[in-house]
Amino acid sequence: MEPAIRQDLLNEMNQRLQASYVHLRDDLDRQYRQDMTRAAMQILAASNTVTNERLAALIESINEAQTQDRQWFAAALERVETNRRRDSTQLGNALATFVVETGDELQRTKRDVARALEDVLLDNPAPDLLRDDSDQE
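Counting in the numbering used here, the final residue of the sequence shown is number 147, and the numbers go up one at a time with none missing.
Right, here's the structure in full:
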């Protein structure tokens with residue numbers, strides 16, 4: 011009877027150990043999964059933080075570049091406007107000089123033509139050209 015009791019006791023202990031082992035394995039598996047999930051969430055949160063910081067830095071960099079581009083463009087437009095005003099002033103001055111010089115030359119040309127015409131008329135008077143049509147009435 012003693013060997014039978016020992017065998018029953020041994021079987022019962024094996025079953026209890028087996029059940030404890032299964033329960034322990036399930037508990038460790040659940041704990042492992044929870045730990046892995048928690049670690050994954052922490053890593054994901056840290057990754058999101060780093061990603062957000064990098065995106066903020068990128069946005070700031072883009073904004074700075076756009077600001078520099080706008081400043082460069084405004085400066086370029088100012089240079090274009092300055093050059094346009096300078097060119098306009100130079101053109102106005104050149105035209106004024108041209109008008110003065112052309113006006114003087116035109117006056118000389120008119121005088122020269124008038125003198126030449128006077129000389130021609132005095133040398134060869136044309137009766138029809140000098141006669142006034144109002145006298146014939």
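Glycine included, C-beta positions come from ideal geometry on N, C-alpha and C.
Exercise. Which runs of the beta strand (DSSP E), 3 residues or longer, sit entirely within the segment 51 to 89?
Worked result: Counting only unbroken stretches of 3 or more residues, no beta strand (DSSP E) element lies wholly within the segment 51 to 89.
Exercise. What is the DSSP secondary structure of D18, counted as helix, strand or coil?
Worked result: Secondary structure of D18 (DSSP, three-state): helix.
For this session: Could you tell me the distance, in whole angstroms, from the CA atom of L131 to the CA atom of A124?
Result: So the alpha carbons of these two residues sit roughly 10 Å apart.
For this session: Let me know the secondary structure DSSP gives N134 once reduced to three states.
Result: Coil, per DSSP.
Exercise. How many angstroms separate the CA atom of D133 from the CA atom of A126?
Worked result: Looking at the two C-alpha atoms, the distance is approximately 11 Å.
Exercise. If you draw a straight line from the alpha carbon of A66 to that of A75, how long is it in whole angstroms?
Worked result: When only Cα atoms are considered, A66 and A75 end up about 14 Å apart.
For this session: In angstroms with no decimal places, state the Cα-to-Cα distance between Q78 and A85.
Result: Approximately 10 Å, taken between the alpha carbons.
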